[in-house]
Amino acid sequence: LFVSSSRVVVAQAPGTERNYTFDDLLPCTLTSLELSQLGGDESIEPCILYDVQPATVTSTASPRSVLVTSVQVTPVGCAPHRDGAVTAANFVNTDHDNQGAAIGFQQDYFVQFRHVSIIAGNPGALRTAEYNRRHTQLLESAVTELDAQYIIGTCSFASSIERDSARRLQRIVLTQVGPPGFYKDAETGRVNPYVFGMHINSDTYGLPAIQELAFLPNGPETIPIRIVYRKESEFFYSTCQSIVNAAREFGFVDIKTVLYEHDDDHDGDGTINQFDETFLGLLADQICPPRNDNDDSSFHPAIFACTQTEQDVMLSKWRENGCQPYSIWMTPSTWEWALNNQDVVPYFQGGGQWHPAFSYGDRYFDTGADLLTYNEEIFGYRGSYDMVVSYAMVILFCQHLQAAYRILDDPNPAADFASDEGYERLRRDMIVLNVETIFGTVSFDDFQRNAGRGAAGTQWLPVGTALNETTSTDDNDEESSLLIENFLVSPFLQAERAAVAPVPVAVLCPAGDFNNITRTEKEASLLLEKCSTCEVDTFTATPNLHPKCQACPAGSSTVSLEGQTFCTTVEDNLVGVGLKVLGNFGVLCTWILAIYFASWTFRHRNDPVVKIGQTEFLLTICFAAMVSSASVVFLGFEAGSDEDENWADLGCQIAPFLYAAGWVTEYSSLSVKTYRLFRITSNQTFQRVQIQSHQMFFFVVLLLLIDMALLICVAIFTPLDYVRDITNRDVSLSVVTIKTSGSCSSDDNVWAFLGPLIALHVCLQIGTNFLLYKVRGVTDRYQEQKYVALASLFVLEVLVIGVPVLVAVQDSPAARYIVMAAIVVLNDIGILCFVFVPKMRYQKEGLPAGVGVGESINREGMQRAISRRSQSFTMASQHGNRLIGLAGTMGQSYSSEASKSVRTGTDDDEVKSSDRGEVKRWGLGFARNEPNDPTKRSWGSAVFKSSVADNLDSIMEVVDDSSDGFGAQGISSFKKEDKREEKKDDQSNSSKRLDAPARDELVGSVKARVQEKLVKRLAKAEQQRAPEFALECARVDNNTALAVGGSVSFNNNREEESGEFDSP
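Take the sequence shown: its letters are residues 341 to 1404, numbered as in the numbering used here.
Structure follows, in structure tokens:
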């Protein structure tokens, strides 16, 4: 099937002409690939490259078989155009067990193919006329000598000469030419009946791109269309002219065309326009004019260019001009040029005959891509769409015969090919042919050109990445290499991806970026996005295509950030020095009160009010209040937006520790001291109860450790950090005033620890008030139930008012700080004042007259003592007059006795003895015979004691100085003392009576002194002062009773030494 030998290059003598016939040709010595690789100056003689024939020619043995011959003549460089046909002929011939393709209604007639491929020469080494002459001679000679039925068109400019040969030979030629003008006679405008076009009309190449623009909203009204193309070449001219016509039909209002003659020399410098950079630069300026740095206009033309090599210069000029097209469509976008300029062509659009993504297939291959893979193994290179086309042409001839004889039972193509009438009928059948091929649907229009499907619209797009992907926007960095692929974007049913229009460079840059013209000038790709981030203190507020960012107004900035959409002035809403001073002043007040109360407690530590109030716990409460209030200082730690937040973070972490530690210490101290008092006062066993201070402190420390453990968990797992949140934005033109608020914040998990902490505090407060309720029977002098309850109510009021206010002012750090500081300070001051102020008042007032410390502890004992004191006052008042009368009688009696002794001359010793016994009996009688009259009894006891102890001066002194009233305990003690004195007196009377002179002298002395003192007292008293005198007498009895019987009190000395606290 393949003829190949050693490589032979034959040079033709210049100036000689030779007539070429098929019979004279020899097999080519080079393969198709090697021929295509020959240089432009290497000459080669015409030769036969392929002569494909069936392995078994069935037409010679079977009347129901025919051998069809096709001929193709090509230059050396058209390998894909000819190699595909070889593959098709081989597959057809091997079909149906090497019988060929079946035709006819019964499918029992077979067609085999002989395909001859001839190399006419190297056009680069020949003059155009010479090559055309050789091509024509070889084509016509081969068709004639082989009696070929079909001609497969060539790939080159020589295809135009095949039209005349087909007419002369009256043979169907299936050309590989796209421009529509090829299918019409230039002079008559009529169609050559033997010329059929396999290629899609190249005039449709650009239509998918212009349609895409037309379908965009307001596309025809807003998108400028700019078209640059050659005048001479049929392909370039007709392709772009059809775009111009389509743009007008779609209603585009801004259309500008630039035509040029590529082979002229406009300035006569010896360089034709196709390669004249000056000329091409002028053309580029007409399409996309230069743009200055301050030009932020939205001129983004959709550019269409039908060029061959001129695009390189034009693209360079457009970069220099800062051109940013809406889209670019170019004829070279589907050529090898695009493969060699991958950094240039991202988002370039193009059009062509076929695309590997087409899913068209036939009975031999599922897709054209499969065909190319197959042929790559055979021919040593991967072909293009031209290989698919040449393959499809042989298959189309087969399909032509199948369609022509589809309903015939007895087809006879050999006879039809041999007669003019039969061939004409076959030619006409070709006109109406409509079949599916590996190239797509094939049908012919009025110009006998394939119009079965649209052109393959393509676009170079990134593979698997975002449309605007680049790795850097730095002006100094090279544009990153981008993996791109030429994707199929039309026709719609076959498309891989949607076409992208506008391209990234024409898309508005996001707010915060600007359209960097410098990148357009430096980067190879014209269509990739050119957005760059705005620098510090510059901004763009909206999506834009501005060539630069706007500078921030005076007094504003972007806070050292790039890519900003606005400039800002930041209001940090800091607490302020004044409020911090106020908060710290509250702390200072708390500390002053705490230190004062602590010093007062220490100074009066031996006073029952302080001692029973438990000094060590009172001092602990003062210390705890200082610790708790210190948290206000750390609440004032804050940081502005551009300041270091380390100190603020420290404040957030320390403040909860201080407040919680102080609060729990305050209430735990109240709790344990109250519990201690409860245990002592509730003792009913009349046994000594000891509760050591360190036992109670254990519970204080335990509660404090639990509190600290929970706060440490917060600090470790969900730490409180100082964060600054935006609370409000005030937009004024291009400046946004951002109001921020700093606060201590953590995640939601913090409540896993704060919940138990709050529960602990609530339970502690409830427990403290419960214990205080249990000791409500103890007087207010020694316990704080009423005052702590008031303090708790005060704290509750502060929280009820403060917490809602705190929530309402969360966005105001100043208000939040002052509310939190007020809650802390007022809570601490409230507890201190409610605990210590009542104690100070009680300590200053002392116990009521006649009430002992032991009685003062219990409310009932206190009430009984006060009641007795009231009764004593009443009794003293009732007996006052009687005492005065009694004192008068005694005075008169002594006076009478003295007078009598004078008159009768009675011996003084007798009188004294008698008087002394009388005085003793008189006093003892009062003490014994007035059990229901404590006043009389007390007075008699005093007289009795004076008679035996000569104690009258001390009695009078007590009358003058005593301030105590009656005491039930004193009276009771005096009873016992009275009995002991009476017994002692009875035992000692006998001995005293033996000493008569001394005893008489004592009794007389007593009589005289008593008489003297009492008479003087009575003489001074007036009637209205009798009750006061009686009260003084009563006080004499009380002091005497206390002196004799003692008093009941706490053993203070023992408590100071041992630290014990005894039940009274």
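We put the beta carbon where it would ideally sit given N, CA and C, even for glycine.
Under the three-state reduction of DSSP, which class applies to residue i: helix, strand or coil?
i: PRO415; result: coil
i: ILE735; result: helix
i: GLY980; result: coil
i: TRP669; result: strand
i: VAL847; result: coil
i: VAL349; result: In this prediction, VAL349 has a pLDDT of 40, which is less than 50 and means its spatial position is unreliable; what the coordinates show is noted afterwards. Reduced to three states, the DSSP call for VAL349 is coil.
i: VAL598; result: strand
i: HIS455; result: strand
i: TYR1015; result: helix
i: LEU366; result: strand
i: ILE627; result: helix
Tell me the rounded alpha-carbon separation between residue i and residue j.
i: TYR360; j: LYS596; result: 50 Å
i: PRO883; j: ASP912; result: 29 Å
i: ASN1109; j: SER1011; result: 8 Å
i: GLY1170; j: PHE997; result: 21 Å
i: PRO1271; j: PRO1178; result: Confidence in PRO1271 is poor, its pLDDT being 49 and thus under 50, which makes the residue's placement unreliable; the coordinate value appears in the next sentence. So the alpha carbons of these two residues sit roughly 42 Å apart.
i: CYS1053; j: ILE994; result: 13 Å
i: ARG474; j: GLU660; result: 48 Å
i: SER457; j: ILE384; result: 15 Å
i: GLN689; j: HIS640; result: 16 Å
i: ASP815; j: HIS455; result: Caution applies to ASP815, whose pLDDT of 44 falls short of 50 and renders its modelled position unreliable; the model cannot decide the point.
i: LEU928; j: ASP982; result: 31 Å
i: LEU885; j: ASP1070; result: 26 Å
i: ARG570; j: PHE619; result: 13 Å
i: GLU825; j: SER673; result: 11 Å
i: ILE952; j: TRP931; result: 25 Å
i: GLU589; j: ALA465; result: 45 Å
i: CYS418; j: VAL843; result: 35 Å
i: LEU901; j: SER1085; result: 25 Å
i: VAL392; j: LEU848; result: 59 Å
Suppose contacts are defined by Cβ-Cβ distances below 8 Å. Is residue i in contact with residue j by that definition?
i: MET770; j: GLY424; result: no
i: GLN626; j: GLU650; result: no
i: GLY926; j: VAL972; result: yes
i: GLY662; j: THR860; result: yes
i: ALA642; j: MET654; result: no
i: ASP363; j: GLU485; result: yes
i: ALA488; j: SER542; result: no
i: THR1080; j: ARG1064; result: yes
i: ARG793; j: PRO520; result: no
i: PHE784; j: LEU773; result: yes
i: ALA564; j: ALA460; result: It should be pointed out that residue 564 corresponds to Pro in this sequence rather than to Ala. For PRO564 and ALA460, no; Cβs fall outside 8 Å.
i: ILE492; j: GLN742; result: no
i: VAL1406; j: TYR534; result: Outside the modelled stretch of the chain, which goes from 341 to 1404, sits residue 1406, for which no answer is possible.
i: SER499; j: THR515; result: yes
i: TYR390; j: VAL426; result: yes
i: PHE854; j: SER830; result: no
i: GLY708; j: TYR714; result: no
i: ALA934; j: GLY1082; result: no
i: ASP1047; j: LEU1111; result: no
Please check the pair residue i and residue j, which I expect to be a contact at CB under 8 Å, by giving their CB distance rounded to whole angstroms.
i: SER1009; j: ILE961; result: 5 Å
i: ALA851; j: ILE778; result: Incorrect: roughly 51 Å between the Cβ atoms, too far for contact.
i: TRP669; j: ALA549; result: 4 Å
i: PRO415; j: PRO367; result: Contact flag wrong, Cβ pair sits at about 18 Å.
i: ALA428; j: VAL734; result: 4 Å
i: ALA1154; j: VAL921; result: About 13 Å separates the two Cβ atoms, so there is no contact after all.
i: ARG768; j: PHE445; result: That pair is no contact at about 20 Å.
Enumerate, from N- to C-terminal direction, the unbroken beta strand (DSSP E) stretches of 3 or more residues contained entirely within the segment 752 to 805.
774 to 777, 780 to 783, 796 to 802
At which residue ranges does the segment 1039 to 1066 contain complete beta strand (DSSP E) runs of 3 or more residues, listed in the order of the chain?
none
Segments of 3+ residues assigned as beta strand (DSSP E) that fall wholly inside the segment 577 to 621:
595 to 600
Length at least 4, wholly inside the segment 696 to 744: the alpha helix (DSSP H) runs in chain order:
708 to 719, 725 to 744
Which runs of the beta strand (DSSP E) spanning at least 3 residues fall entirely within the segment 882 to 950, listed in chain order?
907 to 911
Could you tell me which uninterrupted alpha helix (DSSP H) segments, each at least 4 residues in length, are contained entirely in the segment 518 to 572, listed from first to last along the chain?
547 to 554, 559 to 562
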